[in-house]
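Remember, my numbering sits 66 above the position in the sequence shown when you count from 1. Backbone N, C-alpha and C fix where the C-beta goes; we use that ideal spot for every residue, glycine too. What follows is a short report on a single structure.
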Amino acid sequence: MQNLYDEVSSLDKRAYSEFGLTEDLLMEHAANGMAEYIKSHFAQGSHVTIVCGSGNNGADGLTLARLLHLHFKTTLF
67 MQNLYDEVSS LDKRAYSEFG LTEDLLMEHA ANGMAEYIKS HFAQGSHVTI VCGSGNNGAD
127 GLTLARLLHL HFKTTLF
């Protein structure tokens, strides 16, 4: 995977201040984008493993698991 930005915290802050978006909304959109990608590239019922760390993206993984669990065999670490 290629990093497009060295850091994204400034982009997050801009989304909050300039566009009035919340952290929850950004997280939901990111997870929804990943869920749509997975649904279009893998057969329903496939096994999906999601690994969440303790950092800022851990909640993104939890949100993704919530969106996928009805369509896939989802394992969350």
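Self-check item: Three-state secondary structure assigned by DSSP to L142
Solution: strand
Practice problem: May I have a chain-ordered list of the alpha helix (DSSP H) segments no shorter than 4 residues that lie completely inside the region 110-135? | Solution: 124-134
Quiz item: For L92, which of helix, strand or coil comes out of DSSP?
Solution: helix
Self-check item: Beta-carbon spacing of A81, L87 below 7 Å
Solution: yes
Quiz item: Is the beta carbon of L142 less than 7 Å from the beta carbon of A131?
Solution: yes
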